[in-house]
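Novice:
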Amino acid sequence: MAAIIMDGRALSAHLMPELRANVDELKSKFGCTPSLAAILVGDDPASRQYVKNKQRVAAELGCESRTVRMTSAEATTDSLLRAIEELNADARVNAILLQLPVPDSVDRFRLFDTIAPEKDLDAVSSASVGGFYRGQWGRFVPCTPRGMLTLLDYYKVPVDGARATIIGRSDIAGKPTALILGGRLRNATITWCHRHTRDLAAICREADILIPCVGANTGRPFLITADMVKPGACVIDVGFRRVGPGKFVGDVDFEAVKEVAGWLTLNPGGTGPMTVLALMQNLIDATRYQLGLQRASYSV
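Numbering that gives the first Met the number 0 numbers the first residue of the sequence shown as 0 and each following residue consecutively.
1. So what does isoleucine 38 bridge to, in DSSP terms?
2. In chain order, what residues of the same chain have a beta carbon less than 8 Å from the beta carbon of lysine 257, not counting five sequence neighbours either side?
3. With C-beta atoms as the reference, is glycine 146 less than 8 Å away from leucine 276?
4. Report buried or exposed for asparagine 93, applying the criterion of at least 16 other Cβ atoms within 10 angstroms of its Cβ.
5. Please classify proline 211: does DSSP put it in a helix, a strand, or coil?
6. According to the neighbour-count rule (16 or more other Cβ atoms, all chains shown, within 10 Å of its Cβ), is threonine 70 buried or exposed?
7. Taking the CB atoms as reference points, tell me whether threonine 176 and leucine 209 lie closer together than 8 Å.
8. Take alanine 232 and list the residues in its own chain whose beta-carbon comes closer than 7 Å to its own, dropping the five residues that flank it on each side.
9. Determine the contact status of proline 102 and alanine 74, defining contact as a CB-CB distance below 8 Å.
10. Report, in whole angstroms, the separation of the C-beta atoms of isoleucine 283 and leucine 18, which I expect to be a contact under 8 Å.
11. Between alanine 285 and chain D, is the shortest Cβ-Cβ distance under 8 Å, so that the two count as touching?
12. Might you give, ordered along the chain, the residues of its own chain that have their beta carbon closer than 6 Å to the beta carbon of valine 242, omitting 5 neighbours on each side?
13. Would you list the one or two residues that DSSP bridges to leucine 263?
14. Starting from alanine 163, follow its DSSP beta bridges and name the residues at the other end.
15. Relative to the alpha-carbon of histidine 195, which residue among Asp250, Leu292, Val213, Ile235 has its alpha-carbon at the smallest distance?
16. How many Å lie between alanine 37 and proline 230 at the Cα?
17. With arginine 240 as the anchor, note down where its beta strand (DSSP E) starts and where it stops.
18. Quick one: residues in its chain with C-beta nearer than 6 Å to the C-beta of histidine 193, no 5 flanking neighbours on either side, listed in chain order?
19. Can you tell me whether leucine 25 is buried or exposed, with buried defined as 16 or more other CB within 10 angstroms of its CB?
20. Taking its Cβ as the centre, do 16 or more other Cβ atoms sit within 10 Å of glutamine 280, making it buried, or is it exposed?
21. For proline 16, is the classification buried or exposed, using 16 other Cβ atoms within 10 angstroms of its Cβ as the cut-off for buried?
22. From which residue to which residue does the alpha helix (DSSP H) around lysine 174 run?
23. For my contact list, valine 50 and leucine 39 are in at a C-beta cut-off of 8 Å; report their separation, rounded to the angstrom.
24. Are the CB atoms of alanine 285 and alanine 255 within a distance shorter than 8 Å?
25. With a 10 Å radius around its C-beta and 16 neighbouring C-beta atoms as the bar for buried, classify asparagine 186 as buried or exposed.
26. Got a sec? Which residues, its chain only, sit under 6 Å from lysine 174 by beta carbon, not counting five neighbours each side?
27. Bridge partners of aspartate 119, per DSSP?
28. Near aspartate 221, what residues of its chain come up, given a Cβ to Cβ distance below 7 Å and the 5 sequence neighbours on each side ignored?
29. Mark valine 140 as exposed unless 16 or more other C-beta atoms lie within 10 angstroms of its C-beta, in which case mark it buried.
30. Taking arginine 54 as the reference, give the member of Pro272, Asp112, Gly41 with the closest Cα.
31. Any heavy atom of the ligand GDP within a distance shorter than 7 Å of the CB on isoleucine 210?
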């Protein structure tokens with residue numbers, strides 16, 4: 000039996016009216032338009048696509064959005080620190096997003112810790128990470144995991160007690176996903192894999208929930224093939240890379256895996272739209288926090 004397809008575009012469209020109502024309330028009752036600033040370095044295709052999608056959704060919701068762009072040659076730790084500090088001091092900016100990747104020569108952890116905690120949209124500062132480690136999520140859940148959680152909840156995927164395998168250890172996807180799913184609120188049993196993991200296929204076949212977050216060229220068309228998936232498992236494909244002009248693929252061989260999995264995200268069209276939606280939820284939360292209000296609530 001073919002998998003249930005987890006459609007992030009459709010779910011995002013379903014939830015947009017709730018977000019729009021929250022933005023309208025902030026504008027009409029408090030005279031405040033949520034405003035996001037993203038810092039984009041270089042010309043990474045996936046990053047440019049993500050920022051483009053963010054700007055489109057922000058406009059649809061009536062939010063303000065700006066992008067601070069730097070070439071890879073212009074981007075140093077000091078120049079990026081100055082950009083972040085200017086945005087911290089700007090009362091018109093409610094949230095700041097440092098879009099990865101940045102050049103290897105840049106101290107990204109120093110940049111993360113410079114973002115004002117109340118504007119730390121992707122929860123990358125030491126204060127936020129410490130909260131995850133202790134099971135206290137603080138003001139924000141990173142956008143990629145938050146979007147995944149919404150998918151899991153909407154499609155009623157059993158998480159409590161499930162074996163969840165995460166492949167990848169990025170600071171905004173793999174790491175926080177492992178901590179959140181294995182935390183007290185979700186209670187999954189976590190296996191965390193990466194490029195040095197031995198016998199990856201055998202580990203993946205044991206997973207009830209399989210979440211590859213790799214995206215980079217692995218030397219083959221797809222990292223996850225049908226023989227690596229446990230029948231009936233939930234497969235959430237976070238990987239995203241360009242394979243040709245205007246053509247993007249994920250980490251999972253979609254056509255083959257959909258015949259084995261119980262649930263499977265589209266890619267493109269699965270976690271990407273949900274990450275952007277979560278970004279907007281975090282922007283609304285940041286704005287409400289700065290106004291002394293509680294978080295917004297959503298049906299999923």
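Note that CB positions come from ideal geometry on N, CA and C, so glycine has one too.
Specialist: For this structure:
1. Val67, Leu97
2. Ala1, Ala2, Ile4, Leu263
3. yes
4. buried
5. strand
6. exposed
7. no
8. Ala206, Asp207, Ile208, Leu209, Ala260, Gly261
9. yes
10. 7 Å
11. Note that chain D does not occur in the displayed structure, where there is just one protein chain.
12. Val248
13. Ile4, Val234
14. Ile189, Ile208
15. Val213
16. 40 Å
17. 240-243
18. Arg168
19. buried
20. buried
21. exposed
22. 173-180
23. 5 Å
24. no
25. exposed
26. Arg168
27. Ile95
28. Just to set this straight, residue 221 is phenylalanine in the shown sequence, not aspartate. So the list reads Asp250, Val251, Asp252, once near-sequence residues are dropped.
29. buried
30. According to the sequence provided, residue 54 is glutamine. The question's arginine does not apply to it. It is Pro272 whose Cα lies nearest to the Cα of glutamine 54.
31. By its list of ligands, the structure shown contains no ligand whatsoever, and the ligand GDP lies outside what it can speak to.
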